[in-house]
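Residue numbers (my numbering): 32 to 238.
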């Protein structure tokens with residue numbers, strides 16, 4: 032489901048509705064792809080002191096992790112999938128999301144990997160993809176944020192996941208050029224569908 036640029040709270044409410052429908056079996060697995068206007072979110076145990084700029088909207092949400100930023104130029108993916116039906120544990124699913132992004136970055140000519148004990152995807156010691164999940168009855172929501180053409184200055188308005196703000200990077204910063212977000216979005220959707228055994232259906236990814 033490619034939503035384009037949509038305000039955070041609208042997509043959050045959509046996720047909650049889809050989670051209920053996925054739990055009840057009314058819908059299959061769904062992948063939401065979206066950009067958000069400037070917003071900060073705090074995870075379940077997030078510290079409000081990690082939000083340094085109070086002028087930007089802040090939402091406390093169900094995912095793990097601490098403070099993070101979403102904004103234009105960042106590709107956000109929210110997989111609403113049933114882990115039991117996929118035969119995956121939570122850790123395995125996080126690994127899968129990391130592998131998807133590492134593969135996409137490889138196709139874009141960027142070598143990326145993991146850092147032990149720190150979820151997400153890293154390039155030369157800096158974090159390019161953040162991952163934070165919530166799970167209800169083995170159905171996932173929230174997901175990953177992939178910095179493509181992200182304005183990284185906004186990370187200096189928070190302490191991202193309790194780390195120094197300059198730990199963050201973007202595809203644009205790594206390669207020195209702006210990238211077509213729709214192309215990255217397509218690569219991510221195809222890779223995710225292949226890994227999860229889903230089918231691409233127009234604007235929907237589902238099974």
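Note that the Cβ used here is the ideal one computed from N, Cα and C, for glycine as well.
Residues near residue 136 by beta carbon distance below 6 Å, same chain, minus five either side: 143
Would you mind sorting residue 185 into buried or exposed? The rule is 16 or more other CB atoms within 10 Å of its CB. buried
Within 10 Å of its beta-carbon, does residue 19 have 16 or more other beta-carbons around it, so buried, or fewer, so exposed? Residue numbering for the chain in the displayed model covers 32 to 238; residue 19 lies beyond these limits and cannot be assessed.
Please state the DSSP three-state secondary structure of residue 108. The three-state secondary structure of residue 108, taken from DSSP, is strand.
Is the region 107-120 in contact with the region 164-179, if contact means three or more CB pairs nearer than 8 Å? yes
Counting Cβ pairs, one atom from each stretch, are 3 or more of them under 8 Å apart for the region 95-106 and the region 55-75? yes
Measure the C-alpha to C-alpha separation of residue 122 and residue 85 and round it to an integer number of angstroms. Approximately 33 Å, taken between the alpha carbons.
Which residue marks the beginning of the alpha helix (DSSP H) containing residue 126, and which one marks its end? 121-138
Which word fits residue 94, buried or exposed, when buried means at least 16 other C-beta atoms lie within 10 angstroms of its C-beta? With 16 or more other Cβ atoms from the protein chains shown falling within 10 Å of its own Cβ, residue 94 counts as buried.
Might you give, ordered along the chain, the residues of its own chain that have their beta carbon closer than 7 Å to the beta carbon of residue 234, omitting 5 neighbours on each side? In this prediction, residue 234 has a pLDDT of 49, which is less than 50 and means its spatial position is unreliable; what the coordinates show is noted afterwards. So the list reads 32, 33, once near-sequence residues are dropped.
Which class does residue 159 belong to by DSSP, given the choice of helix, strand or coil? Reduced to three states, the DSSP call for residue 159 is strand.
Kindly identify the DSSP beta-bridge partner or partners of residue 178. According to DSSP, which records beta bridges pairwise, residue 178 is partnered with 105.
Chain-order list of residues whose beta-carbon lies under 6 Å from that of residue 178 (same chain, five-residue window excluded): 105, 159, 201
May I ask you to report which of helix, strand or coil DSSP gives residue 223? Looking at residue 223 - three-state DSSP - the assignment turns out to be helix.
Ends of the beta strand (DSSP E) at residue 66? 61-66
Since residue 224 and residue 218 are thought to touch, with beta carbons under 8 Å apart, how far apart are those beta carbons, to the nearest angstrom? Going by Cβ atoms, the distance from residue 224 to residue 218 rounds to 11 Å, so no, they are not a contact pair.
Tell me whether residue 85 sits in a helix, a strand or coil according to DSSP, three-state version. Coil.
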